[in-house]
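Asker:
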Amino acid sequence: MINEQLLNPRSIVVVGGSNNVMKPGGKVLKNLINGNFSGDLYVTNLKESEVQGIKSYSDVSDLPSVDLAIIAIAARFVPETVEVLANHKTTRAFIVLSAGFSEESEEGAVLEKKLVEIVNSVNGALIGPNCVGVLTPSHHSVFTYPIPKLDPKGCDFVSGSGATACFIMEAGIPKGLTFANVFSVGNSAQMGVEEVVQYWDESFDPKVSSRIKLLYIEDISKPDLLLKHAASLIRKGCKIAAVKAGSSEAGSRAASSHTGALASSDVAVEALFRKAGIVRCYGREDLIAVASVFMHPPLTGKRIAIVTHAGGPAVMLTDALSEGGLEVPQINTPKSRELLDQLFPGSSVSNPIDFLATGNAEQLGIILDYTEKHFENIDGMVVIFGTPGLFPVFDVYDVLHEKMQANKKPIFPVLPSTLTAADEVNAFISKGHVNFPDEVVLGKALARVYHTPPPADPATMPADVDRERIRKVIDNSVEGYLAPEAVQELLDAAGIPRAAEAVTAQQDDALKQAKKIGFPLAMKVVGPVHKSDVGGVVLNVKNEDQLIKEFNRMMQIPATTAILMQPMLSGVELFAGAKREEKFGHMVLCGMGGIFIEVLKDINTRLAPVSKEEAIEMISGLKSQAILQGVRGQEGIKVEQFAEVIVRLSALVQAATEIFEMDLNPLLGNKNQVVAVDARINIVKS
């Protein structure tokens with residue numbers, strides 16, 4: 001894993017170093033030289049005695065001991081080269097730039113496996129293969145551009161894609177975004193994004209470590225590791241933003257349950273990020289904007305003042321903030337009217353605060369002072385100021401710099417004239433600021449950061465969940481959908497309230513059980529997956545004659561093995577479910593039930609285990625929560641009880657990891673209780 005030889009090597013060899021800087025081996029050597037690496041630098045090249053002014057060795061066996069090897073030779077030669085370095089030259093860190101491994105062929109995968117085995121045998125660190133390298137304050141071991149001036153207060157950045165890492169830096173640097181360390185992990189043969197995050201966490205020093213972490217991920221192979229260490233970093237005061245590529249539903253598995261249909265692998269990623277406290281982004285510019293927001297003081301509330309000399313951008317920003325759940329509140333106080341008197345005629349201070357195209361630096365300073373000191377309904381400011389190029393605006397940006405330094409409320413600069421006022425913008429950035437050229441991108445980033453919750457507190461299983469009883473049912477069941485009796489047993493063991501019910505395939509027994517339950521009844525077929533679609537659900541059965549008629553009809557429905565009978569209950573139809581996602585564990589879902597789950601698709605998801613606080617957040621975050629609260633005289637539900645059902649469902653799938661899909665649909669909720677009316681559980685033991 002990451003070691004001192006990788007981060008701060010005393011010596012580096014470029015295996016395959018070249019005088020041709022158009023090749024990776026030549027470019028990485030040039031970058032090391034230009035980056036003023038202070039240790040011993042070696043090169044191997046079969047044909048050259050000197051490469052870029054450095055003595056070249058024809059064989060790695062002729063090298064002295066060396067800490068870090070950067071390898072840029074054909075894949076087929078890499079394992080034997082690494083073996084010599086690891087076992088005879090005390091090399092303990094390797095950056096393999098070469099391609100031709102698992103990303104290309106089965107033969108390449110064999111080479112990659114051998115490479116990892118060799119490095120692991122000496123407890124070494126391996127980055128790659130098929131990567132662009134690593135940037136640390138000690139060495140610039142990359143064969144690409146750009147190479148930012150590294151700043152310990154900048155962002156730590158790890159990327160699964162070398163090209164994407166370059167594109168993100170190339171787009172971020174002109175805006176003022178700075179970087180502390182950059183890791184391109186390529187094929188992640190030994191270390192992927194998760195291991196880098198683990199290192200950041202375990203080595204975190206509040207005095208010197210960067211507090212901003214950026215991730216570009218193409219595959220989450222170890223979600224538990226990422227969750228643990230990302231959440232730990234955020235609890236230590238860090239901020240993390242991530243892009244997870246490959247999120248389309250085309251890759252999700254088909255499933256037979258509502259839960260399975262609604263819970264794709266991307267839903268699992270979303271749930272993981274939320275549980276960890278990671279801000280999810282959806283592209284390079286989005287990630288850069290969120291990282292830039294991180295570099296400002298945090299918003300303590302969601303009320304924003306827009307200070308502008310251009311109406312159009314202010315309107316677009318207002319829309320973006322409002323759509324993102326932030327507020328642009330009206331400002332109408334004696335102090336705002338006092339402010340208006342100090343601006344040119346035609347200005348407006350109602351919010352947006354528009355001081356016109358003729359507004360100047362002095363007026364901007366006055367506005368920012370008033371907003372800081374006198375407008376209590378404002379938590380942060382966005383300043384939009386560009387120029388048509390008629391005169392320089394250095395003085396405006398100087399005032400903006402001064403106020404950003406002095407004010408407690410965060411100020412976010414939107415300086416859109418990146419060509420017309422390039423000198424002024426660059427001067428502003430050189431003072432340690434970042435610029436947001438696009439106000440809508442900023443608005444969305446602010447909302448995304450504000451609404452990302454902190455890491456979830458650990459969840460504990462309710463003490464009365466009978467784990468032993470759950471295991472007995474699962475161990476004695478075969479794969480597939482469980483029989484109603486087994487489902488009932490699991491719900492009871494988990495403490496999930498359910499409606500009284502009876503299951504029978506005999507008419508006489510149905511009459512007997514109906515007398516115990518009491519009319520009116522609900523009757524449902526056992527066997528068919530989608531009962532309603534085949535006429536397998538009958539409600540409000542009022543007497544024995546109707547029961548006999550419907551019983552005989554329903555038993556003729558194909559695949560029916562029995563009839564389930566329950567008392568008629570009233571309430572709001574709810575839904576809770578769980579699905580096991582490979583590597584991630586179980587996702588727990590909730591929403592409106594019955595047909596509403598298919599029509600509205602209004603669900604929220606968390607990764608198990610789910611705490612009571614998380615369950616309440618899931619419910620309160622539903623778009624349909626007003627229905628649950630009760631509207632237009634309709635009775636609401638007991639939210640605490642719904643949350644308790646979700647927690648106990650989470651505990652059930654923790655105890656029975658074999659549960660692949662599970663639906664409680666519907667649950668019926670009213671002001672007194674929430675009970676399961678119908679439940680299906682599908683187990684897969686392999």
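Per our numbering, the sequence shown starts with residue 1, numbered consecutively.
Positions of the beta carbon are idealized from the N, C-alpha and C atoms, including for glycine.
1. Nearest to residue 354 by alpha carbon, out of 373, 453, 318 and 379?
2. Let me make sure I understand the geometry here. Which of 59, 681 and 349 has the alpha-carbon closest to that of residue 478?
3. How is residue 166 classed by DSSP in three states: helix, strand or coil?
4. Could you round the C-beta distance between residue 526 and residue 503 to whole angstroms and report it? I think they count as a contact, below 8 Å.
5. Considering only C-alpha positions, which residue in the set 14, 351, 374 and 64 is nearest to residue 46?
6. Which same chain residues end up closer than 7 Å to residue 349 when comparing Cβ atoms and leaving out the 5 residues on each side of it in sequence?
7. Restricting to Cα atoms, I'd like to know which of 190, 458 and 492 is closest to residue 473.
8. Taking 8 Å as the limit between beta carbons, can you name the residues of its chain near residue 638, skipping five residues before and five after?
9. CB-CB under 8 Å to residue 517, same chain, minus the five flanking residues each way: which ones, in chain order?
10. Measure the beta-carbon distance from residue 297 to residue 410 and round it to whole angstroms, keeping in mind my assumption that it falls under 8 Å.
11. Taking the beta carbon of residue 260 as the centre, do at least 16 other beta carbons fall within 10 Å, making it buried, or is it exposed?
12. Closest to residue 529 by CA distance: which of 64, 544 and 560 is it?
13. Roughly how many angstroms separate the alpha carbons of residue 2 and residue 322, rounded to a whole number?
14. Which residues does DSSP pair with residue 662 in a beta bridge?
15. Going by alpha carbons, who is nearest to residue 4 out of 67, 21, 23 and 58?
16. Which residue marks the beginning of the beta strand (DSSP E) containing residue 401, and which one marks its end?
17. Pairs of beta-carbons, one from the segment 120-132 and one from the segment 181-198, closer than 8 Å: are there three or more?
18. If you drop the 5 nearest sequence neighbours on each side, which residues of the same chain put their C-beta closer than 7 Å to that of residue 557?
19. Can you say whether residue 346 is buried or exposed, counting buried as having 16 or more other CB atoms within 10 angstroms of its CB?
20. How about residue 140 and residue 32: do their beta carbons lie closer than 8 Å?
21. Under three-state DSSP, which class holds residue 505?
22. Can you give the Cα-Cα distance for residue 192 and residue 73, rounded to whole angstroms?
23. Go ahead and label residue 390 buried or exposed: buried means 16 or more other beta carbons lie within 10 angstroms of its beta carbon, across all protein chains shown.
24. Considering residue 591, what are the terminal residues of the beta strand (DSSP E) in which it resides?
25. If you follow the beta strand (DSSP E) that residue 380 is in, where does it begin and where does it stop?
26. Considering residue 523, what are the terminal residues of the beta strand (DSSP E) in which it resides?
27. Alpha carbon to alpha carbon, what distance is there between residue 616 and residue 622?
28. Tell me which same chain residues have a C-beta within less than 6 Å of the C-beta of residue 12, skipping the five on either side of it?
29. Taking 6 Å as the limit between beta carbons, can you name the residues of its chain near residue 357, skipping five residues before and five after?
30. Among the residues of its own chain, which have a CB less than 6 Å from the CB of residue 531, if the five just before and after it don't count?
31. Would you list, in sequence order, the uninterrupted alpha helix (DSSP H) runs of no fewer than 4 residues that lie entirely inside the segment 337-388?
32. Let me know the secondary structure DSSP gives residue 157 once reduced to three states.
33. Please classify residue 440: does DSSP put it in a helix, a strand, or coil?
Answerer: The short version:
1. Ranking 373, 453, 318 and 379 by Cα distance to residue 354 puts 318 first.
2. Answer by Cα proximity: 681.
3. In the structure shown, residue 166 sits in a helix (DSSP, three-state: H, G or I).
4. About 6 Å; that satisfies the 8 Å criterion.
5. Of the candidates 14, 351, 374 and 64, 14 places its Cα closest to the Cα of residue 46.
6. Excluding five sequence positions before and after residue 349, the CB atoms of its chain that fall closer than 7 Å to its own CB belong to 331, 336, 339 and 340, given in chain order.
7. Closest option to residue 473, Cα to Cα, is 492.
8. So the list reads 669, 670, 671, 672, 673 and 674, once near-sequence residues are dropped.
9. 500, 501, 502, 565, 566 and 567.
10. That pair is a contact at about 4 Å.
11. Residue placement at residue 260 is flagged as unreliable, the pLDDT there being 46, under the threshold of 50; the coordinate-derived value follows with that caveat. Buried.
12. In terms of Cα proximity to residue 529, the closest of 64, 544 and 560 is 560.
13. Cα to Cα, residue 2 sits roughly 44 Å from residue 322.
14. Within the DSSP bridge table, the entry for residue 662 names 578 and 681 as partners.
15. With distances taken between Cα atoms, residue 4 lies closest to 67.
16. Note, residue 401: premise wrong, no beta strand (DSSP E); alpha helix (DSSP H) at 394-406.
17. Touching, per the Cβ criterion.
18. Taken in chain order, the residues that qualify are 525, 528, 534, 535 and 536.
19. Under this definition residue 346 is an exposed residue.
20. Yes, the Cβ-Cβ distance between residue 140 and residue 32 is below 8 Å.
21. Correct three-state label for residue 505: coil.
22. Annotation: residue 192 to residue 73 spans about 22 Å, alpha carbon to alpha carbon.
23. With fewer than 16 other beta carbons inside 10 angstroms of its own, residue 390 counts as exposed.
24. That run of the beta strand (DSSP E) goes 585-592.
25. It spans 380-384 - the beta strand (DSSP E) in which residue 380 sits, taken as one unbroken run.
26. 521-526 is the extent of the beta strand (DSSP E) around residue 523.
27. It is roughly 10 Å from the alpha-carbon of residue 622 to the alpha-carbon of residue 616.
28. Closer than 6 Å at Cβ, skipping near neighbours: 41 and 68.
29. Only 309 meet the Cβ criterion.
30. Excluding its 5 nearest sequence neighbours in each direction, residue 531 has C-beta neighbours in its own chain below 6 Å: 524, 525 and 537, listed in chain order.
31. For the segment 337-388, the full-length alpha helix (DSSP H) segments reaching 4 residues or more read 361-373 along the chain.
32. Strand at residue 157.
33. Helix, per DSSP.
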